[in-house]
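Numbering (this note's numbering), first residue to last: 1 to 545.
We put the CB at the ideal spot given by N, CA and C, even for glycine.
A short write-up of the structure that comes next.
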């Protein structure tokens, strides 16, 4: 039978055509052919399950790529592929997942993960996007000493994080810690001294997110770097009236006065220098007011037997850098006693005291014949164990007469003898009971100074910061895992500075990842959007006030 095309419309739904391996359906008189890609067997791609997607997504939410691309100059026209910001996010993902910052192995790490990185970036990633020369170019741009791009990156990143996340901005921590490095670089060319470097971190409490960071040569963490770090924290938060909790190196009179003059509040321990030891001894041994029991909080189960304290107010004055300009304010001196700290301090003191006495006893058994040498050794023992105020040395030189035989041979009744005089050294020592009793009464006491009013910071609330672990967590991450700043495998000073800029950004990524898991984040405008610019204007108006 001859079938025309019109008859095909009323035929069976599936028609086997010659040369075809499967029946094709007919719809509305037309032959429906499936897509060729549907005829092919599916292809499955398997990628190793890592934290790359989460880390890159977190950095994009923080606008790391947008801020870096905005601050750094545009790459050369012939440079194709990822931008500086995307390259920085990939390098940070490598550092945080592999716990290694050697750029020589970055290309080998990225090669089997090109598809995973492309999906995370939302842009194609080629096999040569993470080569050594591209990473060195990025580090050189970030560590440019003349342009100092890290200052703009830190300021814009901090301002964006404060707005993007509902972070508590009532309290900030400022602390410094040193760490060893092993970079083979000449000291005069190094951005940090050979052997050690110091990292200064200004964080928000309790999230622990850094707002101000600084890399300093070892041995230079004193008064000068702290005040610029506080000003950068003020720029990031947008107002100065937060409580700055700092360590003892911040407690210089000039720092406290300038924070007071700038409208800020501070809380810092006083180091045992200058007049502070005498003041502490006088106030503890003869309290000017009654000592009260303290509790860290009202809900605390502490019975109040561990903590004690008292409060004094002192008028302070700082003349300033220019003649005729001074700052006057009333400062609260808070004396805190922790019984647990006193027990640890006394236990260590007793151990050093016992070891010092054992060393002196061994020295007394073999005193020698030189009194000056013996006195020097005894004083060296006291200085070594810190027992000069607590042990007294008594050195005596006695003359003893002894009978000696003359000549050779066995002693006998008729053998001639003679009497000789010998000088014998005797070393004695004793404890100073008054000094030991005074040390026991002063153990566990410390002084905090603050300009915050009692309504904002009571004496009991200071206990929250007495042995606070949170500021040290960033230093643990930087010096140990996962960032492992030591050892450094770079020689160029610009590359070292650029790498430290990225590691400081990583210190912001890790606590924000934890924060995202603990609580949801509110919706925020995108970077450089109209809503973002409106918030910039609001913050600028707050700063002007």
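Item	Value
Own chain residues within Cβ distance below 7 angstroms of residue 241, not counting five before or after	263, 264 and 265
Proximity winner among 440, 375 and 101, relative to residue 281 (alpha-carbon distances)	440
8 angstroms contact criterion, which residue 426 and residue 396 should meet: CB distance rounded	5 angstroms
Delimiting residues of the beta strand (DSSP E) encompassing residue 292	292 to 294
Nearest-angstrom Cβ-Cβ length linking residue 449 and residue 256, presumed shorter than 8 angstroms	7 angstroms
Bridge partners - residue 316, DSSP secondary structure assignment	329
Of the residues 139, 514, 307 and 347, the one placed nearest residue 459, counting alpha carbons only	307
Backbone secondary structure at residue 275 - three-state DSSP	coil
Distance CB(residue 243)-CB(residue 171) smaller than 8 angstroms	yes
Range of the contiguous alpha helix (DSSP H) that encloses residue 344	339 to 365
Counted within 10 angstroms of its Cβ, other Cβ atoms place residue 319 as buried (16 or more) or exposed	exposed
Residue 483 beta carbon less than 8 angstroms from that of residue 95	yes
Extent of the continuous alpha helix (DSSP H) to which residue 433 belongs	433 to 442
Neighbour-count burial assignment, residue 232, 16 or more Cβ in a 10 Å radius	buried
Close-in-space but distant-in-sequence residues of the same chain around residue 495 (CB under 7 angstroms, 5 per side omitted)	136, 139, 140 and 143
Counterpart residues of residue 424 in DSSP-defined beta bridges	398
Chain-order list of residues whose beta-carbon lies under 6 angstroms from that of residue 81 (same chain, five-residue window excluded)	126 and 129
Residue 84 (DSSP reduced to helix, strand or coil)	helix
Cβ shell of residue 160 (< 6 angstroms), same chain only, five flanking positions each side left out	63
Through-space distance from residue 235 to residue 152, alpha-carbon basis	11 angstroms
Alpha carbon of residue 389 to alpha carbon of residue 132, nearest angstrom	59 angstroms
Cβ neighbours of residue 119 in the same chain (closer than 8 angstroms, five flanking residues each side left out)	53
Residue 311 beta carbon less than 8 angstroms from that of residue 332	yes
Residues bridged to residue 268 [DSSP beta-bridge criterion]	449
Stretch-stretch touch, CB-based, cutoff 8 angstroms, three pairs: the stretch 431 to 446 with the stretch 335 to 354	yes
Per-residue burial, residue 288 [other beta carbons within 10 Å of its own, 16 or more giving buried]	exposed
Neighbourhood of residue 585 by C-beta, 6 angstroms cutoff - its chain only, sequence neighbours within 5 removed	Outside the shown range of the chain (1 to 545) lies residue 585, about which nothing can therefore be said.
Helix, strand or coil at residue 126 according to DSSP, with G and I counted as helix	coil
Whole-Å CB distance - residue 274 paired with residue 291, under 8 angstroms assumed	24 angstroms between Cβ atoms; not a contact.
From 504, 214, 68 and 443, residue whose alpha carbon lies closest to that of residue 340	443
Any 3 or more C-beta pairs closer than 8 angstroms across the stretch 85 to 101 and the stretch 490 to 506	yes
Alpha carbon of residue 67 to alpha carbon of residue 509, nearest angstrom	15 angstroms
Supposed close pair residue 283, residue 335 - CB separation, criterion 8 angstroms	6 angstroms
Beta-carbon separation (whole angstroms), residue 174 vs residue 226, contact threshold 8 angstroms	6 angstroms
CB contact check: residue 156 to chain B, cutoff 8 angstroms	The structure shown has no chain B; it contains just one protein chain.
Burial state of residue 568 (16 or more Cβ within 10 Å)	This structure does not reach residue 568, given that the chain is present from 1 up to 545, and the question cannot be answered.
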